[in-house]
Amino acid sequence: MKHWSYSDRVIAPSLLAADFTRIGEETTRASQSGADWLHLDVMDGHFVDNISFGPAIIQAIDLSHDLFLDVHLMISRPDHYLDRFIQAGSDLITVHAEADHDVSKTLTRIRNAGVKAGLAINPATPLSAAEPYLDQIDLLLVMTVVPGFGGQSFMLETMPKVEQAATWRTERNLAYHIEVDGGIDPETAPIAAAAGANVLVAGSSTFKASDMAAAITSIREA
Ligand code: DX5
Ligand code: ZN
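Just so we're aligned: 167 in our numbering is position 146 of the sequence shown, and the numbers increase by one with no gaps anywhere.
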């Protein structure tokens with residue numbers, strides 16, 4: 022699979038910042054601008070204070086585009102909705118450690134479906150909350166903003182968790198991508214990458230840039 026070595030820097034524009042009246046064209050624009058993955062923020066109005074989109078939109082994108090679909094479930098019951106997101110064509114499904122489910126069981130179900138499994142932790146959640154599951158995941162998402170909305174400022178204080186996750190990966194012979202999400206732009210990308218993150222989610226700084234290709238290139242090379 023393309024981009025599955027965590028030494029590659031993966032840029033994942035977040036559709037949340039796209040023009041929702043033109044989702045198909047916006048996905049094509051991301052793809053043609055050099056996006057490696059498309060990040061899809063699913064919000065239920067309960068786990069976070071915002072409602073975005075669900076499996077029908079993801080399926081429509083999957084059926085019409087080739088991009089790797091990085092699905093970030095900010096929902097209280099990922100276990101209840103999981104099969105629908107698998108059916109929709111997700112390539113990677115990330116669930117939150119803070120949500121109301123048996124994390125280990127959910128991760129097992131994701132992998133058994135042939136989908137990559139991710140685990141996310143909020144800025145206030147210690148890395149120890151993810152520690153028991155590190156051998157069950159393909160990606161660890163360290164949130165760099167409080168989830169719910171695009172356009173927030175990067176929280177530098179989350180970087181020690183990224184550093185620790187990278188250290189544990191080496192020391193314990195584990196294998197997972199480290200993703201950061203929230204406030205990533207050409208200024209903050211090198212900070213996160215230096216800490217050990219290799220998957221960089223960027224919403225506002227890519228979709229809302231005047232030149233999306235140039236924005237993605239500068240995040241990749243920063
Ligand atoms: C925040 C979402 C992010 C968001 C990032 O709840 O998980 O993926 O779209 O947006 P920016 O890059 O604008 O901070
Ligand atoms: Zn996200």
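Ideal Cβ placement from N, Cα and C applies to all residues, glycine included.
query                                                                                                                                         : result
In the DSSP output, what is residue 58 paired with across the bridge?                                                                         : 89
When every heavy atom of ligand 2 is checked, does at least one fall within less than 8 Å of the C-beta of residue 117?                       : no
Between residue 225 and ligand 2, is there a pair consisting of the residue's CB and a ligand heavy atom that are separated by less than 8 Å? : no
How big is the Cα-Cα spacing for residue 114 and residue 133?                                                                                 : 12 Å
Quick one: is the Cβ of residue 60 within less than 8 Å of any heavy atom of ligand 2?                                                        : yes
Taking 8 Å as the cut-off, is the beta-carbon of residue 93 closer than that to any non-hydrogen atom of ligand 4?                            : Of the ligands one can find in the structure shown, namely ligand 1 and ligand 2, none is ligand 4.
Using three-state DSSP, classify residue 30 as helix, strand or coil.                                                                         : coil
On a CA-only basis, which of 64, 234, 158 is nearest residue 244? Give me that one, please.                                                   : Nothing can be reported for residue 244, as the shown portion of the chain is limited to 22 through 243.
Using only the heavy atoms of ligand 1, determine whether one of them is closer than 8 Å to the beta carbon of residue 56.                    : no
In the DSSP assignment, find the unbroken beta strand (DSSP E) run with residue 202 in it and report its ends.                                : 198-202
Using a threshold of 9 Å, state whether the C-beta atoms of residue 144 and residue 166 are closer than that.                                 : yes
I want to check one thing, is the minimum distance from the CB of residue 202 to the heavy atoms of ligand 2 below 8 Å?                       : yes
Thinking residue 33 and residue 221 are a contact (beta carbons under 8 Å), I'd like their distance in whole angstroms, please.               : 7 Å
Cβ of residue 219 within 9 Å of Cβ of residue 29?                                                                                             : yes
Is residue 173 a contact residue of ligand 1, with contact defined as CB to any heavy atom under 8 Å?                                         : yes
Could you give the distance in angstroms between the alpha-carbon of residue 22 and the alpha-carbon of residue 57?                           : Caution applies to residue 22, whose pLDDT of 49 falls short of 50 and renders its modelled position unreliable; the value that the coordinates give is listed next. Residue 22 and residue 57: Cα-Cα distance of roughly 12 Å.
Are the Cβ atoms of residue 197 and residue 186 separated by less than 9 Å?                                                                   : yes
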